[in-house]
Amino acid sequence: MELKGKIALVTGSSRGIGKAIAGELASEGCTLIVHGSRETDALCSSFEEVKKVSPESIMTTAELSKPVDIDKMFSQIKETFGGLDILVNNAAIQNPSPVLELKQEDWDRVLSVNLKAPFLCAQHAGRLMCAKKAGGKIINISSVHAYDARRNYAHYSSAKGALETLTKSLALELAEFNIQVNSIVAGAIATELTPTDRQDKFLISIPAGRIGTTEEIAHLVTFLSSNKCDYLTGASITVDGGLTLGFCASRPDL
Ligand code: NAP
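For the sequence shown, this note's numbering gives the first residue as 1186, with consecutive numbering after it.
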């Protein structure tokens, strides 16, 4: 994919989808900034795996609900690498709650981590990319719940819906700098966000008959990070095994 030497930040790459993305980009020749909210065993182990194939990679921590942490993370990136080529806005939280009981602080936290942080990271990354004058790629990890409602997910769905619109706004304003911005609309993927006990419940609605893997998202991120799709921007690509194909998708009898 001709990614050798590219500098890539994957937010939330301590585990789950982000870990798979960081691992694949590293094996494609990128130098990674492996990120988590704080220093955990999971973050260190993800970083160690990345370092085996990409020794120049670094590990960083930033609590994404704190803009000051995001500022510090990007200062570290600028000091260490002088710029950034690829940003994957992957980190997110769910914190489900019935809408009538949803606390303001939970609404604020989900919107802050899942929407404001991707905006702030894209703004920092866009500035670094513009300064380097070598273009860039921003990939937002969205969800089918950006479009389809789900009980107890009003805040999560609202944030992901707005992330889709943000993707298009960024794509529009950054196109002249040769920066492409796209989103991946993920269906049910096997991670801690979709625990095993909940996975079976999804199966009846997925025409492919299975939950997706983290690698299946990582493959698309790798493609979107490459120069093979320089004319693709502002797109939302759904990877959901057919989950959102329509009414008949959830009715195997039809
Ligand atoms: P996950 O396994 O729960 O991992 C979440 C990652 O985000 C972790 O690395 C975590 O870091 C980081 N993170 C969470 N809150 C943070 C905060 N406040 N500050 C900094 N980092 C934070 O999640 P996942 O299932 O891989 O999901 C990844 C992305 O895919 C998300 O955007 C999610 O909405 C999207 N998605 C997932 C599914 C699915 O079925 N899994 C479906 C659709 C969309 P720590 O380890 O430090 O907590």
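By construction, the Cβ of each residue, glycine as well, lies at the ideal position given by its N, Cα and C atoms. Because the structure is a prediction, the values reported are computed rather than measured.
Under a 10 Å Cβ-count criterion, alanine 1193 is classified as buried, with 16 or more other Cβ atoms of the shown protein chains found around its own Cβ.
For leucine 1351, the enclosing alpha helix (DSSP H) starts and ends at 1339 to 1359.
Judged by their CB atoms, arginine 1335 and serine 1343 are not nearer to each other than the 8 Å cut-off. Close CB contacts of glycine 1201 within its chain, under the 7 Å cut and outside five residues either way in sequence, are with Thr1376, Glu1377, Leu1378 and Thr1399 (chain order).
Glutamine 1365 carries a strand assignment under DSSP once its states are collapsed to helix, strand and coil. If you look at threonine 1407, you'll find it isn't in any beta strand (DSSP E); it sits in the alpha helix (DSSP H) that goes 1399 to 1410.
The residues Ser1222, Arg1223 and Asp1254, in chain order, have a CB closer than 8 Å to that of glutamate 1248 in the same chain once the five nearest residues on each side in sequence are set aside. Taken through DSSP and simplified to helix, strand or coil, methionine 1244 comes out as strand. For leucine 1357, the CB contacts under 7 Å within the same chain, skipping 5 residues up- and downstream, are Gly1419 in chain order. For arginine 1336, the Cβ stays outside the 7 Å cut-off from all heavy atoms of ligand 1. Isoleucine 1324 places its beta carbon 8 Å or farther from that of asparagine 1299.
For threonine 1398, the shortest separation between its Cβ and any heavy atom of ligand 1 does not lie below 7 Å. Three or more Cβ pairs drawn from the segment 1393 to 1412 and the segment 1420 to 1435 lie within less than 8 Å of each other, which places the two stretches in contact.
If only uninterrupted beta strand (DSSP E) runs of at least 3 residues are considered, those enclosed by the segment 1234 to 1288 are 1243 to 1246 and 1271 to 1274.
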